[in-house]
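Order-wise, the sequence lines are chains Z and E. Mapping of the first sequence onto this note's numbering: residues 1 to 275, in sequence order. Mapping of the second sequence onto this note's numbering: residues 1001 to 1210, in sequence order. The beta carbon of each residue, even a glycine, is placed where N, CA and C say it ideally should be. Beneath this line is the structure, given in structure tokens, with notes to follow.
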Amino acid sequence: MMAFRDILRRNYKQVIYLALFLSLAVPLIYPIGLPVPIQRTTMGVYNKIEGLKPGDVAVVGSNIGAAIYAEVYPQYIAILEHLFRKDGVKVILVGHGQEAPIWAERALGEINAYGRKTYGVDFVHLGYIAGEEAAVAGLCRDIRALLKVDYKGRALADLPMMKNINTAKDFTIVLDFTASADSQYWLNQAYAAYGTAVGFGLTAIKVPDAYAYYTAGQIFGILESLSGAAQYEVLIRRPGMAAKGMDAQSLAHLLYVALLVLCNAFFIREWRGKK
Amino acid sequence: MAGVWRRIASAILLIASLVILFDFALRNPTLQSVATDLNNWAVVVGAFALGIGAYSLILRHGRMISKRSPLWPYSLLLLGTMLAFIVTGLATGSITSPQYNWIYTAIIMPISSSLYGMNAFFIASASYRAFKAKSWEALVLLVAAIFLMFKNAPIGGVISPILPQIGGIIWDFAAATGMRALLIGIGIGTLALGLRVIVGQEKTPLGGAE
Chain Z
1 MMAFRDILRR NYKQVIYLAL FLSLAVPLIY PIGLPVPIQR TTMGVYNKIE
51 GLKPGDVAVV GSNIGAAIYA EVYPQYIAIL EHLFRKDGVK VILVGHGQEA
101 PIWAERALGE INAYGRKTYG VDFVHLGYIA GEEAAVAGLC RDIRALLKVD
151 YKGRALADLP MMKNINTAKD FTIVLDFTAS ADSQYWLNQA YAAYGTAVGF
201 GLTAIKVPDA YAYYTAGQIF GILESLSGAA QYEVLIRRPG MAAKGMDAQS
251 LAHLLYVALL VLCNAFFIRE WRGKK
Chain E
1001 MAGVWRRIAS AILLIASLVI LFDFALRNPT LQSVATDLNN WAVVVGAFAL
1051 GIGAYSLILR HGRMISKRSP LWPYSLLLLG TMLAFIVTGL ATGSITSPQY
1101 NWIYTAIIMP ISSSLYGMNA FFIASASYRA FKAKSWEALV LLVAAIFLMF
1151 KNAPIGGVIS PILPQIGGII WDFAAATGMR ALLIGIGIGT LALGLRVIVG
1201 QEKTPLGGAE
């Protein structure tokens, strides 16, 4: 015990970093296959999408960036896959983050959207719109007053799917994927003003404040970080990168708990010694 | 003269705010049309702000390079990378072109995700170094953190089904309630700030804060 404590005292950072690296790397190479329990926030999103009917419109906010893609992109892929499995559901992809179009096009390629559905009839990509909340407000107020063309420069008037979609009243659901306070934009502009159902896919750090809206019934569900993505992959029976990452996350959490316990065991020992 | 301009700006701010506010409440077609135009101007201004941001970045770092300020090679690297992205984007005509995607995947993605991922290592080191139960409050925080970690990771349920259940209770009753109180506080604060802006009491948006 003393020897271990001395090693930790002298080189605690190196020991901890190595332990964390191993707890993350080993399960990725040799998966344990821990069960993934489904949370009700994830079920909220799943049930809402499952309940969509032909002709319903789903707006997907693609505010993913390179820093957060490990947490949010697997959620985004799982949701798009689910939406594209629903016959007749119209999907609009849009973002107010500069990197949004890169991730939207990457995801559309990954799920073979262009091969399995018709662009302009089943889905539309509106790209990036500057102006943060004003951009969301503009989309909710009057899409055509804000935008004349889609991401690839095709006139919205030429896209059959957009014919009867003008304001947030025409959106059946909005699902925003983000890591910052901008998730609030859709809540302010679509839910509060038009009553459109809103859900989120978020990084772990952003979940607590969104959860307050979930318990108040103002959002229909939240995909919580990598675990939310893993749960969704299980629900739609499409195991992907999130499900693989859950074992690693579990072991890392276990290490954090062990470090907390160890830190306090040493602290109590020192405190008793001083007494 | 500055006072006159500030009064004019204040009047424009008041009118624009009232149009947006009344449009939300009244749903009048004329008001709606004006409010939509005002909102779309904000989007255009937002796009220009990006350009101004890029301009001021080039100016600042260009000055640092010309003066050979400390760390000027980093400024050079920043402007070089920026130029590479701009040229690739303009030459290929899209930020989703294979060429742009390649430099994005090879440069931005590894750097951004590494920096974000390093948090995991800092948190691990901080858990050992700093998270000590020095008071009853700290002990409560510590115990709650442990249960919440077991709630969020599947390993908690594997160890004992009670662990995530307790975590869930803390999450539902303590965390959500506390956060809701905080959000209501922020909402009231924002409302008060908005009213101060509308009546011209808040000088910061008009560049008048001294």
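Check: E/N1039 at chain Z interface by Cβ criterion, 7 Å; Outcome: yes
Check: Contact the region 1123-1131 of chain E vs the region 246-258 of chain Z: 3+ CB pairs below 8 Å; Outcome: yes
Check: Interface flag, Z/C140 vs chain E, CB-CB below 7 Å; Outcome: no
Check: Listed by chain order, chain E residues near Z/A137 by CB distance under 7 Å; Outcome: N1039
Check: Where Z/H82 meets chain E, residues with beta-carbon distance less than 8 Å; Outcome: Those do not exist, as Z/H82 stays about 21 Å from chain E at its closest Cβ, beyond 8 Å.
Check: Chain E within 7 Å of Z/L223, Cβ atoms only; Outcome: no
Check: Any C-beta of chain Z under 7 Å from that of E/T1088; Outcome: no
Check: Beta-carbon gap between Z/V207 and Z/E224 smaller than 7 Å; Outcome: yes
Check: Z/R144 classed as buried or exposed, judged by whether at least 16 other C-beta atoms fall within 10 angstroms; Outcome: exposed
Check: Cβ-heavy atom distance, E/T1177 to the ligand MG, below 6 Å; Outcome: Ligands in the displayed structure: none, and consequently the ligand MG is not present.
Check: Contact check, Z/G120 vs Z/L147, beta carbons under 7 Å; Outcome: no
Check: DSSP-derived helix/strand/coil call for E/S1112; Outcome: helix
Check: Inter-stretch contact (C-beta, 8 Å, three-pair minimum) for the region 1028-1037 of chain E and the region 1055-1068 of chain E; Outcome: no
Check: CB contact check: E/S1127 to chain Z, cutoff 7 Å; Outcome: yes
Check: Straight-line gap, E/A1219 to E/G1168 (C-alpha atoms, nearest Å); Outcome: The structure shown does not extend to residue 1219 of chain E, since chain E is modelled only from 1001 to 1210, so the question has no answer here.
Check: Positions along the region 1-25 of chain Z whose CB lies within less than 7 Å of some CB in chain E; Outcome: Y12, K13, I16, Y17 and L20
Check: Selected residue, minimal CA-CA separation from Z/V26, among Z/I129, Z/I7, Z/G217 and Z/G245; Outcome: Z/G245
Check: Against chain Z: residues of the region 1060-1077 of chain E by CB proximity under 9 Å; Outcome: none
Check: Which listed residue (Z/I222, Z/R116, Z/Y191 and Z/D209) has its alpha carbon closest to that of Z/C140; Outcome: Z/Y191
Check: E/P1164 beta carbon less than 7 Å from that of E/F1150; Outcome: yes
Check: Span of the alpha helix (DSSP H), counted from its first residue to its last, around Z/I205; Outcome: It is not in any alpha helix (DSSP H) - Z/I205 carries neither H nor E in the DSSP assignment.
Check: Close-in-space but distant-in-sequence residues of the same chain around E/G1157 (CB under 6 Å, 5 per side omitted); Outcome: P1164
Check: Minimum Cβ-Cβ distance from E/M1109 to chain Z less than 7 Å; Outcome: yes
Check: Inside the region 42-87 of chain Z only - beta strand (DSSP E) runs reaching at least 3 residues; Outcome: 57-62
Check: Contacts that Z/G65 makes with chain E (C-beta to C-beta distance below 8 Å); Outcome: S1112
Check: Z/K275 burial status per 10 Å Cβ neighbour count (16 or more: buried); Outcome: exposed
Check: Stretch-stretch touch, CB-based, cutoff 8 Å, three pairs: the region 1080-1090 of chain E with the region 33-52 of chain Z; Outcome: no
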